[in-house]
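In this note's numbering, the protein residues as written are 18 to 531.
In this text, a Cβ means the ideal position worked out from N, Cα and C, and glycines have one as well.
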């Protein structure tokens, strides 16, 4: 078995991190930063606090296909005494996820302080998984939000203007700041993406009321639908604002429980739930014996709104939009420009970001060492690709991938490989970005991430598989960082693929990394 094929087998988890974050970020992080402008008359457990009742908590058990996989608790207390009055809101979420027979533990701790009208003052979120952790902190003064990311023992800061009257909602458990619900009425709210600091719209609609059995009684509840970037969540909410049940896009279900029951979960050795990587994989109607050698492939993409995805670029074309026919054809350019590439139209693909820290001194130093005086952009990109493949250990990781942390830990899955590659390429003066989509493996297409670099034209590489030219079974759906990758959830369970044709690399090229 070739080295490429071996690595392909081990790390085919793709952007399951991105897919996981699609659901979990919308839950754990982005919904921790839900910023609704509410109408007067809110219904919420926070609003139910009185001078006599200054503390309240709510706990949810987390289930996957009927099996308990974790818990989430939200605590709210009213602040009084010295200092400005307000509220302190805390959330702890713990769960396990089974990725390709790897049981992974995830812990999230979030804290939010607000004023008496629930306007944000500051927040802090800590995510831990598999020895990795990342902390997000923010403080709002007037209309200026100061934000920091702590990762790889380094702090990265950013500021942005936001609405000074924004409110924040809770995470995976209760929607603490629900509007005064009325069936059929839709409320539009703003969601702050903590990494890009961009604000996106979400819609909350009470679609109706129904009876829900809870603790032996039938309770009147609102059925509440939340839509965000094509992702839909459903919650069953009492007239008092308590969430009794919530369902999520990837099949997680949250059920209200008391604290003791919610935390009755074998933290150390839980029984693994069904493997989510295999559950969301897309079956192939054609068997490909040597996918790493496929140079050209035509495939019909159906079941999704193609307008929500990016099916063009880096050797991929949508040649028949009506049929969803996509052609992937890989070819290296005959010539490549010298570094640094300074084309103004590519500037955004050279800039550092909160998690692609191409301006970090350690990243820049390594990029210079890898280039070793070479200025041909394609040669330098090849060297970066090979360095990442050789030096980053293949390990399933559920984290927000940060280039500086990957450089420090030297381990991760396709997201970590891609993040470090993009940072090193940008540091070397080569425009680069992350692509997310699917790749073929043993009869199915799995979600995956890989980089694209501009070397006279956009070229797909794969440092996870060690391919200097990504094989043509890589089907791009999206590009960009995690704020864009979360849109993958729109494809889960809906996307269908039908291979129309494929061809291998010429015999002389076989056995070589494409």
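| How many whole angstroms separate the CB atoms of residue 90 and residue 279, which I take to be in contact at a CB cut-off of 8 Å? | Looking up residue 90 in the chain shown gives position 73. Looking up residue 279 in the chain shown gives position 262. Approximately 7 Å separates the beta-carbon atoms of residue 90 and residue 279; this is inside 8 Å, confirming the contact.
| What residues in its chain sit with their C-beta under 7 Å from that of residue 439, if we drop five residues either side in the sequence? | Residue numbering aside, residue 439 sits at position 422 when the chain shown is read from its first letter. Sequence-distant Cβ neighbours of residue 439 in its own chain, meaning closer than 7 Å and more than five residues away, are 373, 449, 450, 451, 468.
| message | Could you check whether the region 399 to 410 touches the region 426 to 433, counting it as contact only if at least three pairs of C-beta atoms, one from each stretch, sit closer than 8 Å? | response | Flag = yes, the region 399 to 410 and the region 426 to 433 touch.
| request: For residue 135, name the three-state secondary structure that DSSP assigns. | output: Locating residue 135 in the chain shown gives position 118, counting from the first residue. Looking at residue 135 - three-state DSSP - the assignment turns out to be coil, as it is neither helix nor strand.
| said: Give me, in chain order, the residues of the same chain whose beta-carbon lies closer than 7 Å to that of residue 103; leave out the 5 immediate sequence neighbours on both sides. | reply: Taking the chain shown and counting its residues from 1, one reaches residue 103 at position 86. Closer than 7 Å at the Cβ level, and outside the excluded window around residue 103, lie 96, 130, 131, 132, 133, 138.
| said: For the beta strand (DSSP E) containing residue 109, name the first residue and the last one. | reply: Looking up residue 109 in the chain shown gives position 92. For residue 109, the uninterrupted beta strand (DSSP E) run begins and ends at 103 to 116, by DSSP.
| request: Excluding the 5 residues preceding and the 5 following residue 495 in the sequence, name in chain order all residues of the same chain whose CB lies nearer than 8 Å to its CB. | output: Along the chain shown, read from residue 1 onward, the residue named residue 495 stands at position 478. Cβ neighbours of residue 495 beyond the five flanking positions: 326, 327, 452, 453, 454, 501, 502, 504, 505.
| Where residue 392 sits in the DSSP three-state scheme | Locating residue 392 in the chain shown gives position 375, where the first residue counts as 1. For residue 392, the secondary structure class from DSSP, reduced to helix, strand or coil, is coil.
| Cβ shell of residue 356 (< 7 Å), same chain only, five flanking positions each side left out | Locating residue 356 in the chain shown gives position 339, counting from the first residue. 392, 394, 397, 445, 446, 447.
| field | residue 300 - DSSP class collapsed to helix/strand/coil | value | Locating residue 300 in the chain shown gives position 283, counting from the first residue. Residue 300: strand per DSSP, three-state reduction.
| Based on the DSSP secondary-structure assignment, which residues constitute the bridge partners of residue 311? | As a working note, residue 311 is residue 294 in the chain shown. Paired residues: 521.
| field | Exposed unless 16 or more other CB atoms sit within 10 angstroms - verdict on residue 159 | value | Here residue 159 refers to the residue found at position 142 when the chain shown is read from its first residue. Taking every protein chain shown into account, the CB of residue 159 has fewer than 16 other CB atoms within 10 angstroms, so this residue is exposed.
| field | Per-residue burial, residue 304 [other beta carbons within 10 Å of its own, 16 or more giving buried] | value | Numbered from 1 along the chain shown, position 287 holds the residue referred to as residue 304. Exposed: under 16 other Cβ atoms inside 10 Å.
| field | Short Cβ contact (9 Å threshold) for residue 478 with residue 487 | value | Counted from its first residue, the chain shown places residue 478 at position 461. Counted from its first residue, the chain shown places residue 487 at position 470. Yes, Cβ-Cβ distance for residue 478 and residue 487 is below 9 Å.
| task | Please report the residue range of the alpha helix (DSSP H) in which residue 423 lies. | result | The residue you call residue 423 lines up with position 406 of the chain shown. From DSSP, the alpha helix (DSSP H) with residue 423 extends over 420 to 426.
| query | Which partner residues does residue 119 have in the DSSP bridge list? | reply | Numbered from 1 along the chain shown, position 102 holds the residue referred to as residue 119. For residue 119, which the question treats as bridged, DSSP gives the partners 116.
| message | Give me the DSSP bridge partner(s) of residue 252. | response | Residue 252 sits at position 235 when you count from the first residue of the chain shown. Partner residues in the beta bridge of residue 252, as assigned by DSSP, are 241, 263.
| Does the region 509 to 520 come within contact of the region 359 to 379, defined as at least 3 CB pairs closer than 8 Å? | Counting Cβ pairs under 8 Å, fewer than three are found: no touch.
| message | Between which two residues does the beta strand (DSSP E) holding residue 500 run? | response | Position 483 of the chain shown, counted from the start, is the residue given in the question as residue 500. Residue 500 -> not in any beta strand (DSSP E); alpha helix (DSSP H) instead, spanning 499 to 502.
| Is it right to say residue 480 is buried, meaning 16 or more other beta carbons lie within 10 angstroms of its own, or is it exposed? | Taking the chain shown and counting its residues from 1, one reaches residue 480 at position 463. Counting the other CB atoms within 10 Å of its CB gives residue 480 a total of 16 or more, which places it among the buried residues.
| query | Near residue 347, what residues of its chain come up, given a Cβ to Cβ distance below 8 Å and the 5 sequence neighbours on each side ignored? | reply | What you label residue 347 is simply residue 330 of the chain shown in a count that begins at 1. The residues are 312, 313, 332, 477, 486, 487, 488, 489, 531.
| beta strand (DSSP E) runs wholly inside the region 324 to 398, at least 3 long, in chain order | Within the region 324 to 398, the complete beta strand (DSSP E) runs of at least 3 residues fall at 333 to 337, 342 to 346.
| Of all the options 343, 470, 264, 245, which has the alpha carbon lying nearest to the alpha carbon of residue 519? | On the chain shown, position 502 is the one that residue 519 refers to. Residue 519 has its Cα closest to that of 343, out of 343, 470, 264, 245.
| said: Would residue 157 and residue 179 be called neighbours here (beta carbons separated by less than 9 Å)? | reply: Numbered from its first residue, the chain shown carries residue 157 at position 140. Numbered from its first residue, the chain shown carries residue 179 at position 162. Cβ atoms of residue 157 and residue 179: closer than 9 Å.
| field | Inter-residue CB distance, residue 244 and residue 220 (contact presumed, cutoff 8 Å) | value | The residue labelled residue 244 in the question sits at position 227 within the chain shown. The residue labelled residue 220 in the question sits at position 203 within the chain shown. At roughly 5 Å, the Cβ-Cβ gap stays under 8 Å, so residue 244 and residue 220 are in contact.
| One or two residues paired with residue 468 in a DSSP bridge | Mapped onto the chain shown, residue 468 falls at position 451. For residue 468, the beta-bridge partners assigned by DSSP are 451.
| query | By Cβ distance, which residues of its chain are closer than 7 Å to residue 516, with the 5 residues on each side in sequence left out? | reply | Working through the chain shown from its first residue, we reach residue 516 at position 499. Result list for residue 516: 301, 302, 303, 314, 316, in chain order.
| query | Are residue 588 and residue 416 closer than 9 Å when you measure CB to CB? | reply | What is shown of the chain runs 18 to 531, which leaves residue 588 out entirely.
| request: Ignore the nearest five residues each way along the sequence and tell me which others in residue 338's own chain have a CB closer than 8 Å to its CB. | output: Indexing the chain shown from 1 puts residue 338 at position 321. The residues 323, in chain order, have a CB closer than 8 Å to that of residue 338 in the same chain once the five nearest residues on each side in sequence are set aside.
| Can you name, in chain order, every residue of its own chain whose Cβ lies under 8 Å from the Cβ of residue 376, other than the five neighbours on each side? | Taking the chain shown and counting its residues from 1, the one referred to as residue 376 is at position 359. If the five residues before and after residue 376 are omitted, its C-beta is found closer than 8 Å to the C-beta atoms of 369, 444, all from its own chain and listed in chain order.
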